[in-house]
Each structure stands twice: as C-alpha cells, then as structure tokens.
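Below: the structure, in structure tokens.
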Amino acid sequence: MNIAITGLGAISACGLNLKETITNFSLGIRQAREVTLFKTDLNYPVFEAKGFIPEDKKYMRTLSLAFCAIKEAIIEANLTDFSGIRLGICLGTTVASQLNDVDFYKEYRKNGSAPVDAAKRFLESNLAQAVKDYFHINTKFCCTLVNACSSGTDAIGLAISWLRNDYCDIAIAGGADELNRVPLDGFNSLGVVSNSLCTPFDRDRSGLNLGEGSGIVILEKEESALKRNRTLDLFFKGYGLAADGHHLTAPHPEGRGLERALDFAMHQSDIKVDEVAFINAHGTATRDNDKVEGRVFRKVFGENIKFVSTKGFTGHTLGAAGGLEAVFTCLGLRYGWIPKNVGFTHMDEQIGIAPVGVKTDIKGRYAISTSLAFGGNNSVLVIARN
Amino acid sequence: MYISGIGVVSDKTEKDISILKGIRRADDFSKMAILAAHNAFMDSGLKEETKVNLGVILSTAFGPHVTTFKFLDDILDYGDANVSPTLFSHSVHNAANSYISSNLGIFGPTLTLTDFSKSFYQALLVAQSWLEEKRCEHVLVGYVEQHGKEIDYILSNIAKEYFLKEGSVFFLVSAEKCLKEYCSINVLTYQNEFISGFSLAKSLLEPKNYVKEVK
Chain A
1 MNIAITGLGA
11 ISACGLNLKE
21 TITNFSLGIR
31 QAREVTLFKT
41 DLNYPVFEAK
51 GFIPEDKKYM
61 RTLSLAFCAI
71 KEAIIEANLT
81 DFSGIRLGIC
91 LGTTVASQLN
101 DVDFYKEYRK
111 NGSAPVDAAK
121 RFLESNLAQA
131 VKDYFHINTK
141 FCCTLVNACS
151 SGTDAIGLAI
161 SWLRNDYCDI
171 AIAGGADELN
181 RVPLDGFNSL
191 GVVSNSLCTP
201 FDRDRSGLNL
211 GEGSGIVILE
221 KEESALKRNR
231 TLDLFFKGYG
241 LAADGHHLTA
251 PHPEGRGLER
261 ALDFAMHQSD
271 IKVDEVAFIN
281 AHGTATRDND
291 KVEGRVFRKV
301 FGENIKFVST
311 KGFTGHTLGA
321 AGGLEAVFTC
331 LGLRYGWIPK
341 NVGFTHMDEQ
351 IGIAPVGVKT
361 DIKGRYAIST
371 SLAFGGNNSV
381 LVIARN
Chain B
387 MYISGIGVVS
397 DKTEKDISIL
407 KGIRRADDFS
417 KMAILAAHNA
427 FMDSGLKEET
437 KVNLGVILST
447 AFGPHVTTFK
457 FLDDILDYGD
467 ANVSPTLFSH
477 SVHNAANSYI
487 SSNLGIFGPT
497 LTLTDFSKSF
507 YQALLVAQSW
517 LEEKRCEHVL
527 VGYVEQHGKE
537 IDYILSNIAK
547 EYFLKEGSVF
557 FLVSAEKCLK
567 EYCSINVLTY
577 QNEFISGFSL
587 AKSLLEPKNY
597 VKEVK
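Chains as they are written, first to last, in our numbering: chain A, 1 to 386; chain B, 387 to 601.
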C-alpha cells in the first residue's frame, strides 16, 4: 500500500515555516544565539525559534510549536475539516513528557507545598492527546512516543504502520520539543554540548547545540488522497527500527542497530543502495554519533553517497528532530537540492567520507532520514518522490 | 495476537538478584522494568535466539519522575553546570527500555510511549500493529509506574480520586500460538480503553478468568 505525504509543516530556528526554512537553507544562514527563554548559568549557543510567539501561555511551548507546524501541514493537505475522516495522531517528544518545572519543585521542596498550576499544565500536555483536544479530533489512534532523539521518526514510522494495517486513512505525525533548561543542563553534564556553533561530521567537531521546533507530516493512504484530489508527489516507502542493545548513552561502536534499521527499511521499500539519492543524517556533531553514523553510511552505501546533517541550521531539537528532518528530506526530493552541511570544513579520516560542502543538486527518487537516539535506538525512514 | 508469557513486579515480588547484578546503577523505574520483562520472557519458554528480533514496547503515564526530581535537586543544590550525568540519563523516559535491550540482549525494535490514562492500551495497539506487518514475531509489551511523594502531592491536589501504585508488568505477545498460551487478544475490538496493565495481569493470572479471548 502506498502512503502519500500530502502535507508538510516545520518550525525551527531555521524558519517559522517552510518558506523561511527553504530560504535559509538556500543561503546557508544559521541563527543561533544565547539562551533567552529561561535563566541559566550556562553560556552556550542555542537555536531558539526566534520570533515565534506562542498563541496562548496556558499551553507548554512544545505544544504551541506543534500546533504551529500542524496548522501549516493541514493547510497544504487541505484538511481543515476532520469530520468523517478516520484519523490518527502519532507524535514524538521528550520535554513535554517530563514534569520538570524547576520553579514548582523549588517551592515544593522549600515549603512542602506549592501551587500546582505548572503540574496541571503538564498533565494537560500529553502531546498527541493535546493535539487531539485542540483540533477536536475524534480518534482512538492517538499516541505520544518518548523514544528520545528518534521520537519524531518513530512517530512517523508508527503512523505508517497504522495506515498500512488499515487502522486509519490519514495520520498527523512528527515531533515537537521546546528548548528547556533541564535537557540543556543534562546534555552539558554528559559533556556533549559545544561552546561554538556545531560542525556535524567535521574532523574538529566538538559537540551539539540544542534547538527547538516541530516537524509534521500528513500521511495519507494513496486512495484517500486521490479521492480528495490531492497532488501526489511524495511517499513514505519504508521504516526501520532497531536497538543497539549496547549502552544507555553511547552508540554501538560498529553501528549494529543502525545497520539493522537501514536493512529493514530498505528491504521494506524494495530499493537498492544505489537508488538512494541522499541521506539526511542524524549528525549531531558529537564525536561518537558522527563517527558511527558516517562509518555505517560508508559501509552500506559506499564512498560517493551524498549526505547532509541539517542540525547546523536547527540545532538538535531532540523529540522534534526526526519530524523536522523527515520534512527536510521531503523538501530535498521535492525541489531537487539539499543544503550544504553548514559547519563542515575538514573530512574526518576516521569516518572516511564527507557530507555535502555546498548546496547540492540531487537526482533520483529515493532519500533516507536517519535518527540515532539516546538509549541506543536507531530509526530510518525511506521517502520517495513520484 | 497471543499472550505467551507474563512477568509482574510489585513490592511483594521476589527479586531475581542475578539480573539486578548487571544493573546496579539503574534507578528503581528501570529495575522494575527489566525484571518484569525478563520474567515475561522466561515465562514464555521461548528460545534465547528469539531475542535477536524481539520487540519491546514500554508504556507509562509518568515515567521515571522520581529520578527527574532528584535531577532537579541537583540543579537547585549545585547549579546548572554541576548536575549528575547519571541522574540525567536515567530521567529520560526510554532509559528503562535501553536497559532492557542491553541487559537482556535484545536487538529488535524498541519503543517507549506515554499517555496519562491509556498508555498500556496504546502499547498493545503498537504491538498488534508490529505483529500484523511482520516487523517481528514476538513483542514484550509492558507498563511501568513508580510511586513518589511529589507525584502523590500533585495528584492529590488535582484529582478528586486517584490511584497510583508502583510496579511493572510485561506480556510477551506473539503473532502465532507458542509453547504457552494464556489467551488471545484483539486490541482493536477491545471495548475498555482504560485498561491497566495490572488489572489485565491480575485477570489473566486468576484461573477462573483464564479466557481464550479477551473482549
């Protein structure tokens, strides 16, 4: 069964919508700055969605980011009326799943009690459930995945399964996450945050920058999309998911799980390695991730594979990353080019292949988006253009 | 799909010390998850090689919030730059699933999901979906919850009635009948969306409720 992609939506530091994102990709502009969203002792560049104004402060920022991207996607999909549609919602996040309000906890710890407004807001912020309520969607296929940095990719993968198993006809899928003090402190404690702008796959890379955003795709059975007279230019072909079974915070040194996930996704898509036009890599710019990921690319696809990490434009947006990068992969196929891997200068001999150093035209019908998550989870999407 | 193994961990469960030896740094949330997953696999009688493509789906409402609050203690006590990396890594929802795969030697698909009222139901749906599309033949699907004074305070101030105990339950579900077969379950036709893992486990473990199909 063919699964069409009938709508795309994206918001990140690279742009508050698809148009801005494409412009900044084309010009190689990246917009990082010091943290302004919360107080912190840490002085790192981060990728905030500058200029984004949440519509209502009663929602967590993560939800507002998701609502923004979903609205853009459903407009493209011409899906403003959900009545009578068998619809699923599958979204990934990290921050919206955790009760990590420092101010609430500070007061509770001090006094043994505190106003529970923040906690109440958290209990109303299960991402998929909140989207269901906000858009007044009636469905029992409503799932929030918390698979760390691959959450967005896995949400799309699960939604594909729902459609293929005929649980629903259309699905809203992707991920969202806000920049938040707790993960910034946490990633800093792991020693993987860079003092300067990140340089994915570069020999001298020194770690990641955190970011925020939301990337959303509207998935639809081909027959449903044709009935609604949608133009079909993009399709999801395959999804692979495999655990390293190795370590809580480090990838398997040989990329065991990533290779298995790639193999499953390619097999499900029924395509060969030489048909892959490009890969949108996870490419966090940490020493371990980029080495493992790049070496697997070289092993599986050979030395000439074109690949790019877009995290130089967005930062690492955690639960949103898989959603955003699936959208960026779609844009690459739709417009026939991918942005340069900003920040890359020198090839890392330990990896042995280099990402695209300039804005690059691509040919071919198929592209891949990869996500390697904390916890050793590896997820792969195969996307095709018509 | 068929339920072919069950593992339950509560405060009354005898702990399998041999499994816990390899996870001394894990928090209680992860330990409960690993023990129940291990018990479910052992209960099924499936061969060790099955683990190569065994799926794992962990569901929870609140995740490892006890560890999250300990991490917030670190921020408040020592500042942003001096927090514990161990506490941070264990405060992430899918840390428990990572422990399950790495300590039990599982290399199949792993997924963690959260929902405040029907996360276990959603997990069963994912399992059924994976089995139907032949992503794997067997899936460990479970539910883990932890009790803590902070969450107790929050829930008691927000909800008129609430019930939060801690424990972990895992089912090994299979596409085909296996050595052991507790019952079959079709999640899509299951009427009560608010099923909890514990109530289902209790129901299945009592002989009088030993049903062939749960509807």
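All residues carry an ideal CB built from backbone N, CA and C; glycine is no exception.
inquiry  = Please classify A/Tyr44 as buried or exposed, where buried requires at least 16 other C-beta atoms within 10 Å of its C-beta.
reply    = Along the first sequence, read from residue 1 onward, the residue named residue 44 of chain A stands at position 44. A/Tyr44 is buried by the Cβ-count criterion.
- Please confirm if A/Asp348 has its CB atom under 9 Å from at least one CB of chain B. Position 348 of the first sequence holds residue 348 of chain A. Among the residues facing chain B, A/Asp348 is not included, as its CB has no counterpart in that chain under 9 Å away.
#### Entry: Anticipated Cβ contact below 8 Å, A/Gly375 with A/Leu248, distance rounded
As a first step, residue 375 of chain A must be located in the first sequence, where it is residue number 375. As a first step, residue 248 of chain A must be located in the first sequence, where it is residue number 248. Cβ atoms of A/Gly375 and A/Leu248 come within 8 Å of each other, at about 6 Å.
Open item on the list: If the cut-off is 7 Å on Cβ atoms, which residues from the stretch 14 to 44 of chain A count as contacting chain B, listed in chain order?
Closed with: Across the stretch 14 to 44 of chain A, CB contacts with chain B closer than 7 Å involve Thr40, Asp41, Leu42, in sequence order along the chain.
Does A/Lys106 have its Cβ less than 9 Å from a Cβ in chain B? Working through the first sequence from its first residue, we reach residue 106 of chain A at position 106. Under the Cβ criterion of 9 Å, A/Lys106 is counted among the residues facing chain B.
* **Cβ-based contacts, 8 Å cut-off: residues of the stretch 157 to 171 of chain A near chain B** => Listed by position along the chain: Leu158, Ser161, Trp162, Arg164, Asn165, Tyr167.
Could one say the Cβ of A/Val116 lies closer than 9 Å to chain B's Cβ atoms, at least one of them? Position 116 of the first sequence holds residue 116 of chain A. Taking Cβ atoms only, chain B reaches closer than 9 Å to A/Val116, which makes this a yes.
- Query: Closest Cβ-Cβ distance between A/Val102 and chain B: below 9 Å?
  - Reply: Your numbering for residue 102 of chain A matches position 102 in the first sequence. For A/Val102, the answer is yes, since a Cβ of chain B falls inside 9 Å of its Cβ.
Chain A beta carbons: is any one of them nearer than 9 Å to that of B/Leu510? Walking along the second sequence from the start, residue 510 of chain B turns up at place 124. At least 9 Å separates the CB of B/Leu510 from every CB of chain A.
Q: Just confirm the distance between the C-beta atoms of A/Leu163 and A/Ala171, as a whole number of angstroms; I'd bet it's less than 8 Å.
A: Taking the first sequence and counting its residues from 1, one reaches residue 163 of chain A at position 163. Taking the first sequence and counting its residues from 1, one reaches residue 171 of chain A at position 171. Contact holds; Cβ gap of about 6 Å.
By a C-beta neighbour count over all protein chains shown, 10 Å radius and 16 as the cutoff for buried, is B/Phe448 buried or exposed? Residue 448 of chain B sits at position 62 when you count from the first residue of the second sequence. Buried, because 16 or more other Cβ atoms sit within 10 Å of the Cβ of B/Phe448.
- [ ] Measure the C-alpha to C-alpha separation of A/Lys221 and B/Ser503 and round it to an integer number of angstroms.
- [x] What you label residue 221 of chain A is simply residue 221 of the first sequence in a count that begins at 1. What you label residue 503 of chain B is simply residue 117 of the second sequence in a count that begins at 1. A straight-line Cα-Cα distance of about 29 Å links A/Lys221 and B/Ser503.
Tell me A/Glu20's beta-bridge partners as DSSP assigns them. For this step, residue 20 of chain A is matched to residue 20 along the first sequence. Beta-bridge pairing links A/Glu20 to no other residue.
Practice task
Take A/Leu241 as the anchor and find which of A/Glu55, A/Phe47, A/Ser12, A/Val382 has the nearest alpha-carbon.
Solution key: Taking the first residue of the first sequence as 1, we reach residue 241 of chain A at position 241. The shortest C-alpha separation from A/Leu241 is found at A/Val382.
Could you tell me whether the Cβ of A/Asn195 comes closer than 9 Å to any Cβ of chain B?
-> The count along the first sequence starts at 1 and reaches residue 195 of chain A at position 195. Answer no: the Cβ-Cβ gap between A/Asn195 and chain B never drops below 9 Å.
Worksheet item: Given that A/Gly245 touches chain B, what residues does it touch there, using C-beta distances under 7 Å?
Response: For the purposes of this step, residue 245 of chain A is taken as the residue at position 245 of the first sequence. Result: Ser487, Ser488, Gly491, Ile492, Phe493.
Next item on the list: Could you tell me how far apart the beta carbons of B/Gly391 and B/Cys522 are, in whole angstroms, since I believe they sit closer than 8 Å?
Entry: Residue mapping note: residue 391 of chain B aligns to position 5 of the second sequence, counting from 1. Residue mapping note: residue 522 of chain B aligns to position 136 of the second sequence, counting from 1. Not quite, the Cβ-Cβ distance comes to about 15 Å (not below 8 Å), so this is no contact.
Query - CB contact below 9 Å: B/Asn578 versus chain A - result: The count along the second sequence starts at 1 and reaches residue 578 of chain B at position 192. Caution applies to B/Asn578, whose pLDDT of 49 falls short of 50 and renders its modelled position unreliable; the model cannot decide the point.
(request) Note the first and the last residue of the continuous alpha helix (DSSP H) segment covering A/Tyr366. (result) Counting from one through the first sequence, the residue named residue 366 of chain A turns up at place 366. Run containing A/Tyr366: none in the alpha helix (DSSP H); it sits in the beta strand (DSSP E), 366 to 373.
- prompt: With a cut-off of 9 Å, does the C-beta of B/Gly393 fall near any C-beta of chain A?
  reply: For this step, residue 393 of chain B is matched to residue 7 along the second sequence. Taking Cβ atoms only, chain A never reaches closer than 9 Å to B/Gly393, which makes this a no.
B/Glu531 versus B/Lys551 - alpha carbon distance:
Position 145 of the second sequence, counting from 1, holds the residue named residue 531 of chain B. Position 165 of the second sequence, counting from 1, holds the residue named residue 551 of chain B. Those two C-alpha atoms are separated by around 7 Å.
Can the beta-carbon of A/Thr329 be found less than 9 Å from the beta-carbon of A/Ser369? As a first step, residue 329 of chain A must be located in the first sequence, where it is residue number 329. As a first step, residue 369 of chain A must be located in the first sequence, where it is residue number 369. Taking a C-beta distance under 9 Å as the contact criterion, A/Thr329 and A/Ser369 qualify as a contact pair.
request  = Starting from A/Phe235, follow its DSSP beta bridges and name the residues at the other end.
outcome  = Taking the first sequence and counting its residues from 1, one reaches residue 235 of chain A at position 235. Partner(s): A/Ala4, A/Ala384.
- prompt: Around the Cβ of B/His424, are there at least 16 other Cβ atoms within 10 angstroms (buried) or fewer (exposed)?
  reply: The residue you call residue 424 of chain B lines up with position 38 of the second sequence. Flag for B/His424 reads buried.
- Message: If I measure Cβ to Cβ from A/Val146 and keep anything under 6 Å in the same chain, skipping five residues before and after, which residues do I get?
- Response: The residue you call residue 146 of chain A lines up with position 146 of the first sequence. Hits under 6 Å: Ser97.
| field | With 16 other Cβ atoms within 10 Å as the buried cut-off, status of B/Val573 | value | Within the second sequence, the letter at position 187 stands for residue 573 of chain B. B/Val573 comes out buried.
For A/Ile156, which residues in the same chain have their Cβ closer than 8 Å to its Cβ, ignoring the five residues on either side in sequence? Taking the first sequence and counting its residues from 1, one reaches residue 156 of chain A at position 156. Around A/Ile156: Cys90, Ala173, Gly174, Val217, Leu219, Phe236, Tyr239, Gly322, Gly323, Ala326, Leu381.
*Outcome for A/Thr314 when other beta-carbon atoms lying within 10 angstroms are tallied against a minimum of 16*: Residue mapping note: residue 314 of chain A aligns to position 314 of the first sequence, counting from 1. So A/Thr314 counts as buried.
Taking the alpha carbon of A/Leu262 as the reference point, which residue from A/Val356, A/Asn377, A/Asn341 has its own alpha carbon closest? Residue 262 of chain A sits at position 262 when you count from the first residue of the first sequence. When only C-alpha atoms are compared, the closest one is A/Asn377.
(request) Can you tell me which of the three DSSP states A/Asp204 falls into? (result) Looking up residue 204 of chain A in the first sequence gives position 204. It is coil, neither helix nor strand.
Using the Cβ count rule (16 or more neighbours within 10 Å means buried), how would you classify B/Ala545? Numbered from its first residue, the second sequence carries residue 545 of chain B at position 159. It is exposed - the Cβ of B/Ala545 has fewer than 16 other Cβ atoms within 10 Å.
Discussion item. I'd like the span of the alpha helix (DSSP H) that includes B/Tyr485, first residue to last.
Written reply: Numbered from 1 along the second sequence, position 99 holds the residue referred to as residue 485 of chain B. For B/Tyr485, the enclosing alpha helix (DSSP H) stretches over residues 481 to 490.
Cβ contact (3+ pairs, closer than 8 Å) linking the stretch 196 to 214 of chain A and the stretch 38 to 57 of chain A = Cβ pair count under 8 Å is three or more, so yes.
Report task. Using three-state DSSP, classify A/Met60 as helix, strand or coil. Result -> Here the question's residue 60 of chain A lines up with position 60 in the first sequence. Per DSSP, reduced to three states, the secondary structure at A/Met60 is coil, with no helix or strand assignment.
Using a C-beta to C-beta distance shorter than 7 Å, which residues of chain A count as neighbours of B/Ser560? Sequence index remark: in the second sequence, residue 560 of chain B carries index 174 (1-based). Those within 7 Å of B/Ser560 in chain A number zero; the least Cβ separation is about 17 Å.
message = With a threshold of 9 Å between beta-carbons, can A/Gly376 be considered close to chain B, or not?
response = Residue mapping note: residue 376 of chain A aligns to position 376 of the first sequence, counting from 1. By this cut-off, A/Gly376 is an interface position.
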